[in-house]
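Some notes on the structure that comes next.
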Amino acid sequence: MMTALSQFDPAEAWRPADDGAWNLRRAAHLYRRAAFGAPALRADGARTSWDALQDAVRRGRDACIEDLLAGLPAQDELDHLVDAVGESLSRAAPSAFSQRLPVEKLQGWWLYRMIHSRHPLRERMTLFWHNHFATSVAKVRKLPLMFAQNKLLRSHALGKFPDLLREISRDPAMMIWLDSNSNVKGGPNENFARELLELFTLGAGNYSEQDVREAARAFTGWGTEGGQFVFRAELHDGGPKTILGQTGDWDGDDVLRIALEQPAAARWLARKLFRQFVSEDELPRDGFAGGLDEATLIEPLADALRSSGYDIAAAVEMILRSRLFVSEEAWRARIKSPVEYVVGLVRSFDARPPIEQLASAMDGLGQALFEPPNVKGWDGGILWLNSATLLARHNLAAALLSGTDERFAGAVDVGELVRERAGDDADLQVRFLLDLLLQGDVREPDRARLLDFARGQSFSDPRIAEVVHQIVMMPEYQLA
Amino acid sequence: MLNRRDFLVRGLKCSSLFALGPAVPAFVASTARAAEPGGDTVLVVVELTGGNDGLNTLVPFGDDLYHSSRPTLRLTRDQTIPIDDHVGLNSALAGMQTLLENGELAIVQGVGYPNPNRSHFESMDIWQTADPGRRISSGWLARALGDVAVRPGQIPAFYLGDGERPLALHGSSAAVPTLNPGKPFGFRLAGGEFYGHDPDTEEDAVPESDKLETPDARATRKRLLRELAAESAAPASPLLQFARRTALDAYATVDRLQDIMNGKVELPEGEFEFDGREVRQVRRGLAYELLLVARMIRAGFGTRLFYVALDGFDTHASQLGDHNALLETLGNAVGGFFQDLEQSGDARRVVLVTFSEFGRRVAENASQGTDHGAASCLFVAGPAVRGGLVGRHPSLKEADLDSGDLRHQVDFRQVYATLLDEWLECDPRRVLGGEFEHIGLLA
Chain A
0 MMTALSQFDP
10 AEAWRPADDG
20 AWNLRRAAHL
30 YRRAAFGAPA
40 LRADGARTSW
50 DALQDAVRRG
60 RDACIEDLLA
70 GLPAQDELDH
80 LVDAVGESLS
90 RAAPSAFSQR
100 LPVEKLQGWW
110 LYRMIHSRHP
120 LRERMTLFWH
130 NHFATSVAKV
140 RKLPLMFAQN
150 KLLRSHALGK
160 FPDLLREISR
170 DPAMMIWLDS
180 NSNVKGGPNE
190 NFARELLELF
200 TLGAGNYSEQ
210 DVREAARAFT
220 GWGTEGGQFV
230 FRAELHDGGP
240 KTILGQTGDW
250 DGDDVLRIAL
260 EQPAAARWLA
270 RKLFRQFVSE
280 DELPRDGFAG
290 GLDEATLIEP
300 LADALRSSGY
310 DIAAAVEMIL
320 RSRLFVSEEA
330 WRARIKSPVE
340 YVVGLVRSFD
350 ARPPIEQLAS
360 AMDGLGQALF
370 EPPNVKGWDG
380 GILWLNSATL
390 LARHNLAAAL
400 LSGTDERFAG
410 AVDVGELVRE
420 RAGDDADLQV
430 RFLLDLLLQG
440 DVREPDRARL
450 LDFARGQSFS
460 DPRIAEVVHQ
470 IVMMPEYQLA
Chain B
0 MLNRRDFLVR
10 GLKCSSLFAL
20 GPAVPAFVAS
30 TARAAEPGGD
40 TVLVVVELTG
50 GNDGLNTLVP
60 FGDDLYHSSR
70 PTLRLTRDQT
80 IPIDDHVGLN
90 SALAGMQTLL
100 ENGELAIVQG
110 VGYPNPNRSH
120 FESMDIWQTA
130 DPGRRISSGW
140 LARALGDVAV
150 RPGQIPAFYL
160 GDGERPLALH
170 GSSAAVPTLN
180 PGKPFGFRLA
190 GGEFYGHDPD
200 TEEDAVPESD
210 KLETPDARAT
220 RKRLLRELAA
230 ESAAPASPLL
240 QFARRTALDA
250 YATVDRLQDI
260 MNGKVELPEG
270 EFEFDGREVR
280 QVRRGLAYEL
290 LLVARMIRAG
300 FGTRLFYVAL
310 DGFDTHASQL
320 GDHNALLETL
330 GNAVGGFFQD
340 LEQSGDARRV
350 VLVTFSEFGR
360 RVAENASQGT
370 DHGAASCLFV
380 AGPAVRGGLV
390 GRHPSLKEAD
400 LDSGDLRHQV
410 DFRQVYATLL
420 DEWLECDPRR
430 VLGGEFEHIG
440 LLA
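Chains as they are written, first to last, in numbering that gives the first Met the number 0: chain A, 0 to 479; chain B, 0 to 442.
Take a look at the structure:
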C-alpha cells in the first residue's frame, strides 16, 4: 500500500507474478478486473459464484487466465443464440406514441449477455471498445446499426487492433456518428479524422491541425448508404497529402497505417489498458523526486503491443500475469462502473431480474449502454460516484435484493442462497458474505458492526438481504 | 493544456482535498473549494411549455399593427409596465418589476432559429438539443455538463418537476436526477423493501411500500450505512477515501433534501388545497420548485444547473385570462426566487433563463386565441445580468413576416453560447457544434 506506483522498477513490474501466492483474494481480484466477478453458473444446478471462486482457487491462476482468454466450452452455441435474439430485438419498432427508440431492449440484451456470457473477458473488452470508439444511438438513431457495431467490437475485442481499427473506420454507425457522409472532395468534414487521431489512436499533442486536415482529405468519399459502407470514388480527393510527416496520394487506410506507425499509438492504447486493468491512479507525467513517470512504467506494455502487431489478447495477458497486477497499488484502485457494479451484483447472487427493468435503471447510475455522453466515452473513475449515482446504487441494490420491489419480484432469494452455504448462524452468514463480496478487504470494526446488525435483527430472510445490502453499499465494494 | 475537469481530477489525485479536515459533508464546507473563480455559478433554466406568446409578454403597444392584429387580445400601454415609448412588460409580470427596475432583467427580443418548425414536439426537441437539423438527440445541457466544473462527488444538475426528465438533460456522463416535489420520498434511501414503515409518522413522505418499517429499524439501517463509510485513522488509498467521503456526502445530501422538501414553507395566500381530510400546503408549481432550488443553493449544494418547467402556454382559445395568469405565476415565482436568493446572499451567482419552443402567430384566431408561431422573446434574470431590452423588436409588417409569424433576429444558440461561455465557463463550440456570436447579456 505504501509503495507508490512511481517507485516500481518497470522491468520488475511486468514480470509474471509468482503463482504460489494465489488465493481467494487474488482470484476475486482477477475476476473483478477480467470478468464481472466470478460467474454464477447454474447450468449444472449447483455452481454459485462462491463455488466458482473456490474452483478458481483450486485450479490455480494460469488455468483461470487461460479460461478467461479463450472462453469456456459451449460459448459458441450460446453466442449464436444470443446474437439471433439481439438481431431481432434491434429491429423493434419505435413506440408509435413518442417516436422514442426502444433502446432499453438492446441495452437489456447486452446486460443479459454480460451476466451470462461464458467468455466474460471478451464482454469486458467489448465494453472497453464501446467506450474507446464511443458511439451513441442518440445521433445514429438506428438500433440495427448499433447492434452491428456491437457485434463488430465483440468479434475483434481480443484480436488485433489494426483489424478493429480498419473495420470501425468503415462501420456505418461510426460513419453516421462522425459525419463521414459529409466528408467530400473540396468540402472536407474533419470530424472522423480528428477523433481518429485524438481519441482512437494517438492522443492530443501527437499530431498537428494540419495532420487532421490532410487526414480528412484522405477519408473523403468514405460513406454509408442503406446501412452499408460505400466508397464513392468521385467524391474522393486523390491528390497528395502529408500526414504525420509522410507524403503520398494517401487514402483512409493509409492514414490508419501511418497513425499506427507512430510510437505514440501503442503508448496511447497501453495507457488506456493500464487504466482499465491496473489502476485509475494517475502517475506523474514527468518523473519527479527520483520516481518513475507514466511513460516509463507503461513503455514495456507499449513495446509488447508494437512487437506483436497490436495483439490485444497478448497485452491483456501480460497485464493479468504481471507483478504489477497483483501489487497493492493495483488493489481496489478503480471505481466500479455502473455496469460492473450491477452485473457483478447480479452474478454474485445468481439473480434473474427482468432485464429491461434492469436496463432502464442504468441511466440513474450514470451509464446507459449504447448512449455514451460523447465521442470521448464515459470519463469514469471518480466521476462515476456522486450523491445521486450512489443513491441510485443504493436504491437499485435494495430493489434487487429485497425481492419485494414489484419491478424485480422474485429475481433472487438471497436468504436461501446464504443459508445453503452458511447455515442459520448469523456469525457464519456474515463471514460467508464478507468472503464472497469483499474477501477480507474490510476493517475489523466494520465486521463487528455488521455482526451486531445481523444478530440484532429478527431471524428472517429480509435480515440477510439487508446485511448484503449494507455490504454492497460499503465504500470498499464500490472499488474494483 | 488542462481543462477545468482535469484540474479538479488532478486536484483530487494530489489528495490536497482529502486534507481538508474530517468528514464534513461537502455542502457544509461551503463553496470556497470551487476550483477557480466563477466555478460556482448556477444556471436555472425555466421551460415555458406550449409556445409562449411573445407579443403579449413584451407588448409593442406603440405599434398600430399590434392593435389591428389583436382586436380582442391586445393590451394597451396602461396594461403594461412600460419600458420605452414602444414596448412594455405585460403587467401580469409585476412580480418581476423589481428585477426590471434594478437592471437585473434582460429581455431578448425576436429569438428563434432559421426555418422555424411549428410542431410542439419537433421545435421543443430543437431547443433542447440545440440542433435545428435534428441530427443530434442528446441535450445541450447534458453536453455542457461534460465541461462544467463540479466539485467531486457533487450532483451537477437537477430536474425539478413531475414530468419526464427533459431532453435537454438527456445523455450526460453524470446521471441527472429528478426531484419530484409532489413525491418527496422519491429522493430517499430505499428501505421499506426490507422492513416497511410506521404509518403514524411522516405519512405523506413515505411510499406505500414502506408502511411496515419501524422508525427504529430505519434509524439503525441509516446509522450503519454511515458507520461503514466513516473515515478512520487506518491508512486508506485516495480512492477509498474519496468513496467514503462521497458516501457520507450522499447520505447527508439525502437527509438535507428531505428536510428541504418536507420543511414548512411560506407561500402566498391561496396556495393551499383540501384533500378530503385536511388542508395542506400545495407542494407543486413553479414558485414551489424555485423555492426548493433557492434552498438547495443556500444549503451549498454544488449543483450548477437546475431545470424547471411551467406548462400551459398553448393558448389556442380564450387566451387573455389564461395567458395573464401564467405570466403572473411566472413573474411571482421568478421575483420571489431572487428575493430568497438576495436574503441568503446567493443571488449574485445565479442566472435564470426562460425559453419556449416558439412564439405565436401575430394575428389572433377566431377563438380569441393564437396559433403556433415562430420567434418570441425570452428573459435572462439575475444581479449578474445586464438588464434592459436586447435587440430590436421584430417588425409586424406583413412583408416582414414569415407566413404570418415574426422573424427571428437572434438565434437561440447565441443565447446558449453566451451563457455557456460567459456564465458556466465551458466551451460553447463543443456543446453547440459551431460558432455563435455572443450577445451582451451579462454585466
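From the three backbone atoms N, C-alpha and C, an ideal C-beta is built for every residue, glycine too.
For the segment 251-284 of chain A, not one full-length beta strand (DSSP E) segment reaches 3 residues or more. The Cβ neighbour count for S181 (chain A), taken over all protein chains shown within 10 Å, is under 16; the residue is labelled exposed. Runs of the beta strand (DSSP E) spanning 3 or more residues and lying entirely within the segment 56-132 of chain B occur at 79-81, 87-89, 104-111, in chain order. Per the C-alpha coordinates, the member of B:F336, B:V44, B:R133 positioned closest to N116 (chain B) is B:R133. Around the Cβ of T252 (chain B), a 10 Å sphere holds 16 or more other Cβ atoms; the residue is buried.
The segment 46-65 of chain A makes contact with the segment 345-358 of chain A; the number of CB pairs closer than 8 Å reaches 3 or more. In the structure shown, F132 (chain A) adopts coil according to DSSP, grouped into three states. About 4 Å separates the Cβ atoms of A421 (chain A) and F431 (chain A), confirming a contact at the 8 Å cut-off. Between the segment 362-379 of chain B and the segment 311-322 of chain B there are three or more inter-stretch CB-CB distances shorter than 8 Å, so the stretches are counted as touching. Annotation: the segment 279-328 of chain B contains the following complete segments of the beta strand (DSSP E) (minimum length 3 residues), in chain order: 304-310.
The segment 135-145 of chain B and the segment 171-182 of chain B touch, with three or more beta-carbon pairs separated by less than 8 Å.
Per DSSP, Y309 (chain A) lies in no alpha helix (DSSP H) segment and is marked neither H nor E.
Sequence-distant partners of L201 (chain A) (beyond 5 residues in either direction) whose C-beta falls short of 8 Å from its own C-beta, in its chain, are A258, Q261, A263, A264, W267. In this structure, DSSP gives W221 (chain A) an extended state, which the three-state scheme calls strand.
The beta carbon of V409 (chain B) sits closer than 7 Å to those of V107, G109, V110, G390, I438, all from its chain and outside the five residues before and after it, given in chain order. Per DSSP, L166 (chain B) lies in no beta strand (DSSP E) segment and is marked neither H nor E. With fewer than 16 other Cβ atoms inside 10 Å of its own Cβ, L80 (chain A) counts as exposed. Residue contact with chain B for A137 (chain A): present (Cβ-Cβ distance below 8 Å to some residue of chain B). Closest by C-alpha distance to P239 (chain A), out of A:D210, A:T223, A:G222, is A:D210. Using a Cβ-Cβ cut-off of 8 Å, R294 (chain B) does not count as an interface residue toward chain A, since no Cβ of chain A sits closer than that to its own. The beta carbon of F7 (chain A) sits closer than 8 Å to those of L291, L296, L323, S326, E328, all from its chain and outside the five residues before and after it, given in chain order.
Per the coordinates, the alpha-carbon of A387 (chain A) lies some 6 Å from the alpha-carbon of I154 (chain B). By alpha-carbon distance to L309 (chain B), the top candidate from B:E288, B:R429, B:G299 is B:E288.
Look at the segment 233-248 of chain B: the residues with a C-beta under 8 Å from a C-beta of chain A are A233, P234, S236, P237, L238, L239, F241, A242, R243, T245, A246, D248. The beta carbon of H66 (chain B) is closer than 6 Å to those of R73 in its chain, skipping five residues each way along the sequence. G220 (chain A) and P171 (chain A) have their alpha carbons spaced roughly 14 Å apart. In the DSSP assignment, V350 (chain B) is bridged to B:L42. Bounds of any alpha helix (DSSP H) do not take in C425 (chain B), whose DSSP letter is neither H nor E. In its chain, beyond the 5 residues on either side, R428 have a beta carbon closer than 7 Å to the beta carbon of E434 (chain B). Using a Cβ-Cβ cut-off of 7 Å, A192 (chain A) is close to nothing in chain B; its nearest Cβ partner there is about 16 Å away. Segment contact: the segment 312-321 of chain A against the segment 361-381 of chain A, fewer than three CB-CB distances shorter than 8 Å; contact not assigned.
Around the beta carbon of G358 (chain B), 16 or more other beta carbons sit within 10 angstroms, so the residue counts as buried.
Across the structure, A398 (chain A) and A189 (chain B) are spaced so that their CA atoms are roughly 8 Å apart. No residue range can be given for Y476 (chain A), since it is assigned to no beta strand (DSSP E) and is classified by DSSP as neither H nor E. The three-state reading of DSSP puts T252 (chain B) in helix, counting H, G and I together.
L47 (chain B) is bridged by DSSP to B:L309, B:S355.
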